[in-house]
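Novice: Residue 273 in this note's numbering sits at position 273 of the sequence shown, with consecutive numbering throughout. From the three backbone atoms N, C-alpha and C, an ideal C-beta is built for every residue, glycine too. Please find one structure pasted underneath; my questions will follow.
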Amino acid sequence: MSVTVATPLLSLKGVGPKRGADFEQAGLRTVGDLLARFPIRYEDRSRFREIACLLPGAPATVAGTVVSCGLRLTRRSGFKLFEAVVRDASGTIRAVWLNQPFMTNVVTRGAEIVLYGAVERRDTGPMQLTNPQYELSGRRDQDAIHTGRIVPVYEKTGRATCRVQRTLVHDVLQGLPADAPDLLPSWLREEAEVPDWRTAVAEAHFPPDGTSVELLNAFRTPAQVRLILEEFLLFQVGLALRRRSAAAECKPLVPVVDDRVRAAARAVLPFRLTAGQRQALKEIVDDMARPAPMQRLLQGDVGAGKTLVALLAAVVAMENGLQVALMAPTEILAEQHDLTVRRWLAGGRYQVAMLTGAGAGAHRRRVLDGLASGRVQLVVGTDALVQEAVAFARLGLVVVDEQHRFGVMQRAVLKAKGWNPDLLIMTATPIPRTLALTLYGDLDVSVIRELPPGRTPIRTRALPQARRDEAYALVRREVDEGRQAYIVYPLVEESSKVDVRAAVEMADHLAADVFPAYRLALLHGRLRREEKDRVMRAFAAGDVQILVSTTVIEVGIDVPNATVMVIEHAERFGLAQLHQLRGRVGRGAHPSGCVLLYQEPPGEAGEARLRAMVEIADGFVIAERDLELRGPGDVFGTRQSGMPTLRSGDLVRDREIMERARRFADLALDREPGGSLATEARRSWTDRFGLASVG
Ligand code: ADP
Ligand code: MG
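Given below as structure tokens:
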């Protein structure tokens with residue numbers, strides 16, 4: 001039967017409604033889906049072993065003649081066992097299949113058979129293979145597919161066993177025409193040194209004799225690479241199309257950067273910029289001076305000084321008569337930004353305001369009027385700023401702090417309001433380059449890698465809870481020196497009453513029994529907003545010496561005098577989260593420390609995370625390790641976060657193929673803007689990757 005990639009699996013012989021539903025569940029609807037999904041591994045069943053030389057324990061492939069066979073009932077009632085004795089030139093072996101009575105119709109005396117399975121030694125008689133894979137030779141209508149070769153192993157899909165799938169994939173490959181269309185142009189195939197599609201699917205599923213099994217299981221044969229590359233290419237072509245259509249858009253007003261603007265920026269500058277800050281600022285300002293709206297992601301480890309860079313960009317916008325919105329993920333952080341902005345910018349020169357959901361009444365109305373009239377030049381708030389009914393007169397720059405997914409989604413909201421501002425997204429969650437290429441492939445990326453001068457590295461230790469006293473002693477020492485401390489307490493759920501009670505009890509105990517001589521406060525997610533603000537302000541002002549907190553302090557809080565952090569139950573946190581938390585200290589001139597208290601035993605994964613925290617200071621290296629330990633799905637969630645659904649490729653395993661795909665995508669669009677890749681990306685991008693459209 002002749003098939004194409006578009007043929008529905010349901011129309012294939014051997015796929016009824018039940019099996020079809022199982023496949024559908026696994027995301028497999030068409031022949032193309034089936035072929036794009038790789039085996040989970042490959043087994044070399046190509047070398048036949050002499051039966052007499054078999055060793056128990058190891059899997060082996062043997063070939064021989066069935067000398068006797070039949071069904072037997074075991075003593076356990078109703079349990080049927082089919083047994084065959086197979087002989088080759090060297091000896092005999094027993095093969096048994098449990099509860100598969102239909103085998104009587106499959107294996108008959110005198111048949112030539114190939115068996116693959118783990119060899120077991122029995123008390124008496126010959127060695128045994130239990131439930132081996134088998135292949136009857138001499139069936140001319142079918143190539144050997146289950147044994148006697150390198151065999152693909154598929155993950156069981158619903159009720160469809162590996163064997164059923166192997167047969168199905170094999171049948172489908174037989175039905176593909178030799179001249180099946182190829183999405184990749186031949187120049188690209190040559191440059192990438194990969195085979196055509198027809199060859200690639202055939203060899204990725206049924207590797208020819210002599211293929212390295214090691215290479216296959218690393219998914220690095222040319223055939224496999226070709227299929228991964230194709231998937232990544234389609235994805236990257238889609239992103240490149242987005243980038244190109246964005247680059248063709250025009251801002252109503254393009255900022256000018258002349259000496260006057262530069263002088264204004266210099267006037268607000270409180271420090272000498274680090275080299276990384278300077279480079280990032282240059283990239284940002286260059287973008288702003290272009291006609292197309294900026295879409296840039298600014299990555300930098302916690303404390304790298306992203307805020308200052310953003311404020312300098314804001315000065316450029318304001319000096320050009322444009323308004324700026326600076327958005328933070330929480331109100332506490334918005335307030336902190338508000339303070340920073342006032343400290344650095346509000347020397348009377350710029351009109352700055354803060355707008356939060358909570359603020360009501362006359363003040364709020366005044367700010368809204370100011371934004372609508374253009375009098376307010378910079379507004380700080382949460383992302384409610386652009387979502388609500390806030391009107392701007394000349395919104396020219398939107399800075400989004402710590403909200404990775406903002407870019408793609410809210411841009412549409414902004415545009416719908418008739419604005420096309422420059423967009424700068426900042427994140428302190430270092431994202432490994434490959435993931436950045438994927439998640440933010442339609443954004444340009446600036447990275448600040450170094451921290452401002454004068455910081456000493458945070459000394460991190462992991463201690464079992466039994467040594468908690470040492471952690472407390474460190475807190476006491478630092479506070480006695482005039483420094484401040486965080487004690488972080490994890491909650492399973494920030495909103496749960498039971499959990500919050502545990503945190504409250506912990507804080508009470510610390511205040512009464514451990515640190516009675518110190519000023520201590522508790523911060524958690526269920527506190528009223530004013531209460532939270534009061535606590536945070538008191539801590540920032542130094543009135544509170546020890547802040548016991550849940551993870552609500554996670555991002556962005558900047559209290560340079562805090563030099564020690566103790567994290568309870570550190571084994572429960574993810575690596576990236578631990579690193580983010582730790583970044584709350586080490587922000588000033590004094591040396592800082594972080595103690596990770598863990599409950600013994602921390603577990604294998606927990607221990608790996610703790611070790612990484614102790615050994616690694618660089619957030620980017622931590623992020624890579626996190627990705628390896630957890631996989632991209634867990635690190636970023638799946639659909640909501642903008643992770644593409646992939647069939648052939650794997651974002652961790654195939655990082656460097658993604659890099660190549662990005663380069664090839666641009667090349668392909670330059671050479672063949674109307675080529676099959678571009679057409680297919682436009683047609684199927686949304687469907688294939690489960691993401692918003694390319695536009
Ligand atoms: P993040 O990148 O995590 O948002 P911040 O912008 O909060 O970092 O900056 C961290 C701290 O470093 C702040 O206290 C800020 O004032 C300070 N800082 C920023 N840039 C510099 C610099 N070039 N030199 C010295 N200190 C700086
Ligand atoms: Mg910040």
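1. Below 7 Å, is the gap between the Cβ of T456 and the nearest heavy atom of the ligand MG?
2. For C250 and D33, I'd like the C-alpha separation in whole angstroms.
3. Taking 8 Å as the limit between beta carbons, can you name the residues of its chain near S549, skipping five residues before and five after?
4. Leaving out five residues on either side along the sequence, give the residues of the same chain with a beta carbon under 6 Å from the beta carbon of A263.
5. Please determine if the region 309-317 and the region 253-271 are in contact, where contact requires at least 3 C-beta pairs separated by less than 8 Å.
6. Please name the residue in Q165, A325, L234 whose C-alpha comes closest to that of V31.
7. Helix, strand or coil for I284 per DSSP?
8. Kindly identify the DSSP beta-bridge partner or partners of A372.
9. Looking at the secondary structure, which residues open and close the alpha helix (DSSP H) in which V169 lies?
10. Between A540 and the ligand ADP, is there a pair consisting of the residue's CB and a ligand heavy atom that are separated by less than 7 Å?
11. Could you give the DSSP three-state label for M327: helix, strand or coil?
12. For R526 and V564, which I take to be in contact (beta-carbon distance under 8 Å), what is that distance rounded to the nearest angstrom?
13. Would you tell me roughly how many angstroms separate the C-alpha atoms of V153 and E505, rounded to the nearest one?
14. Among G593, R159, R461, E659, which has the Cα closest to the Cα of Q484?
15. Looking at the strands, I want to know which residues DSSP matches up with V119.
16. In angstroms, rounded to a whole number, what distance separates the CA positions of R343 and G305?
17. Are the region 657-672 and the region 229-239 touching by the rule of at least three beta carbon pairs closer than 8 Å?
18. Thinking C-beta only, is V15 closer than 8 Å to G57?
19. Report the residue ranges of all alpha helix (DSSP H) runs contained in full by the region 452-506; include only those spanning at least 4 residues, in chain order.
20. Does DSSP put I332 in a helix, in a strand, or in coil?
21. Looking at A576 and the ligand MN, is the gap between the Cβ and the nearest heavy atom below 7 Å?
22. Going by DSSP in three states, T65 sits in which element: helix, strand or coil?
23. Roughly how many whole angstroms lie between the Cα atoms of E531 and I332?
24. Assuming P132 and Y116 are in contact, meaning their beta carbons sit under 8 Å apart, how far apart are those beta carbons, in whole angstroms?
25. Going by C-alpha to C-alpha distance, which of Q299, T340, E656, I51 sits closest to A540?
26. Please tell me whether, using a cut-off of 7 Å, the distance from the CB of R19 to the nearest non-hydrogen atom of the ligand ADP is below it.
27. Out of A462, L311, R375, point me to the one whose CA is closest to E600's CA.
28. Label C53 either buried or exposed according to how many other C-beta atoms from any shown protein chain fall within 10 Å of its C-beta, with 16 as the threshold for buried.
29. Roughly how many whole angstroms lie between the Cα atoms of P293 and L345?
30. Taking the runs of the beta strand (DSSP E) that are 3 residues or longer, which of them lie wholly in the region 538-568?
31. Among the residues of its own chain, which have a CB less than 7 Å from the CB of G156, if the five just before and after it don't count?
32. Less than 8 Å between the C-beta atoms of R19 and A144, yes or no?
33. For the putative contact between Q351 and V376, defined by C-beta atoms under 8 Å, what is the C-beta separation to the nearest angstrom?
34. Could you spell out where the alpha helix (DSSP H) holding W685 opens and where it closes?
35. How would you call E478, buried or exposed, if buried means at least 16 neighbouring beta carbons within 10 angstroms?
36. In this structure, does DSSP put G148 in helix, strand or coil?
Specialist: Looking at the atomic coordinates:
1. no
2. 39 Å
3. Y486, I487, V488, Y489, L522, L523, H524
4. none
5. yes
6. Q165
7. helix
8. DSSP output for A372 lists no bridge partner at all.
9. 162-175
10. no
11. strand
12. Contact doesn't hold; Cβ gap of about 26 Å is too wide.
13. 53 Å
14. G593
15. L129
16. 15 Å
17. yes
18. no
19. 468-480
20. helix
21. Absent from the structure shown: the ligand MN. Ligands present: the ligand ADP and the ligand MG.
22. strand
23. 11 Å
24. 6 Å
25. T340
26. no
27. A462
28. exposed
29. 24 Å
30. 546-549, 562-567
31. The residue asked about is misnamed: residue 156 is Lys in this sequence, not Gly. Only C162 meet the Cβ criterion.
32. no
33. 5 Å
34. 676-689
35. buried
36. coil
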